[in-house]
Each structure stands twice: as C-alpha cells, then as structure tokens.
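Trainee: This is the structure I want to talk about, given as structure tokens.
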Amino acid sequence: MYPSALPVALFLHTVAAASSFNLYTNFDPAGVELILGFSAECLEALNATVNCDSATTLLAAQGPDETYWSQDNLTTFCTDQCASSMTSWVSNVENRCAGQSADFGDTIVQAVTDPLLVAAGHDLLCLKDSSGSLCYLESQDWQGSDYVRYNPPACLADDPDRPEGLCDGTHFSTEINILPEMTNVTRLYDSELVDDSPQCS
C-alpha cells in the first residue's frame, strides 16, 4: 500500500456509500487539526465535498490493482462531474495548503499528498482510448509475459515439488543478464495489442 498521511486512513474507515465524500466524515475538525498540524483553512480545503461515488473512490484510494473492476463501477466513478470535482479539490488544496506538511516521525507528508493519491487512482482508472473505451478495464484481460530468471543451481537438485518439465520450458533460463530491450515495459504485451489501443499504451 502506498505511503499516506492520516487523512486517507481516516477516509478509508469512515466512507459510506454515497455520491460524494469527505476525508474527515464523523471526525472532530479540532482534533484532526491538532493531530495533523494543518491550518484551519487547509483542513477546510482537504475536507471539502468531492462529488465522486464514495464506495468506488474508496477502492481507488486503496490502489487500483487491489480490485477487479467492472463496467458498472467504473461507469459510476468515471463521470465528468467526478473528474471536475476531483481536479478542483486538488487545486484548492494545493493553493490553501501550500507549504504545509504533517510530521509522522521519520516521515514528512505534504498536505496535498492524499488528494493527489486519490486523484491519481481516479485518473488511471478513468483513462480512455480514442474510441471512449476504459483502458484499465480492457487491461484486466491483457495477457502479458515477462523474463523469468532462476538461480543457476535451480535445476541441479532433485526437488519433488518442482513441476515436471519446468527446467526444459522455453521460458526458463538461468542466464541472469537482462538486456536493455528486455526492460522496455511496452514489450510486455504483443505488439498487436499495443497497436490496437494506442491511447491506452
């Protein structure tokens, strides 16, 4: 899970199904101000109502990869109203919380961190290609391949738990060298797939 300040932690425990959300629902503003050390003006901006589906925003805030998304919940989430409200929220926090941060011991977190993280989840999930299809929804069905590497002794010992024929597979290699062209993430998928979704790649 991504590093976060207290606001998203509060949000994750207080959000309820609704067409909008606030980070500090059911929390005393004075107590939150004391814990985080942000100004009252900054906290007002952070706690502004954002017109996005709260349940889906919760999932996005936890990280898009943590959920298998459907057309229904992304359609509910990826609205013009939500995008506009999210953008205004982040911009307002950036302006009214400029230079403010919370001290969590070894970690200093800027006030705008959590709005940016929530907005990043939204932007990733709601990215569309030129035909209007949701890229993230399509990507859940993509089949990728990577370069698997094993330690050289991996096939020397008689391991009863090793799948039969593993060391003879064409994907199997004990060569540790990773060539530069192997680190290009666009090579993870077939070129036909990437070419078919230019805006998603």
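For the sequence shown, the residue numbers in mature numbering (1 follows the signal peptide of the UniProt record, and there is no 0) are -20 to -1, 1 to 181. For each residue, glycine too, the CB sits at the ideal point set by N, CA and C. Since this is a predicted model, take the numbers as computed values, not measurements.
(1) Which residue wins for smallest C-alpha separation from Ile88, given the options Phe18, Ala10 and Asp141?
(2) Given a threshold of 16 other Cβ atoms within 10 Å of its Cβ, counted over all protein chains shown, does Asp94 qualify as buried or as exposed?
(3) Count the other C-beta atoms from every protein chain shown that fall within 10 angstroms of the C-beta of Asp33, then say buried if there are 16 or more, exposed otherwise.
(4) Check whether the segment 4 to 24 touches the segment 57 to 71, taking contact to mean three or more Cβ pairs, one atom from each stretch, closer than 8 angstroms.
(5) Taking the DSSP output, what are the residues bridged to Thr30?
(6) For Ala41 and Cys135, I'd like the C-alpha separation in whole angstroms.
(7) Could you give the residue range of the alpha helix (DSSP H) that holds Phe18?
(8) With the cut-off set at 8 angstroms, would you say Asn27 and Tyr4 are in Cβ contact?
(9) Per DSSP, which residues does Asp83 bridge with? Please list them.
(10) Measuring only the C-alpha atoms, how far is Ser113 from Trp122?
Mentor: Once the coordinates are examined:
(1) What you label residue 88 is simply residue 108 of the sequence shown in a count that begins at 1. Residue Phe18 is the option with its Cα nearest to Ile88.
(2) On the sequence shown, position 114 is the one that residue 94 refers to. Buried is the call here.
(3) For the purposes of this step, residue 33 is taken as residue 53 along the sequence shown, with counting starting at 1. By the 10 Å Cβ count, Asp33 comes out buried.
(4) no
(5) Here residue 30 is taken as the residue at index 50 of the sequence shown, counted from 1. What sits at residue 30 in the sequence shown is Val, not Thr. According to DSSP, Val30 bridges with Phe1.
(6) Position 61 of the sequence shown holds residue 41. Position 155 of the sequence shown holds residue 135. For Ala41 and Cys135, the distance between alpha carbons rounds to 42 angstroms.
(7) In the sequence shown, counting from the first residue as 1, residue 18 sits at position 38. Unbroken run through Phe18: none, as it is neither H nor E.
(8) Locating residue 27 in the sequence shown gives position 47, where the first residue counts as 1. Locating residue 4 in the sequence shown gives position 24, where the first residue counts as 1. Yes; because the gap between Cβ atoms is below 8 angstroms, this pair is in contact.
(9) Stepping through the sequence shown from its first residue, residue 83 is reached at position 103. Paired residues: Ile88.
(10) Here residue 113 refers to the residue found at position 133 when the sequence shown is read from its first residue. Here residue 122 refers to the residue found at position 142 when the sequence shown is read from its first residue. C-alpha separation (whole angstroms): 14 angstroms.
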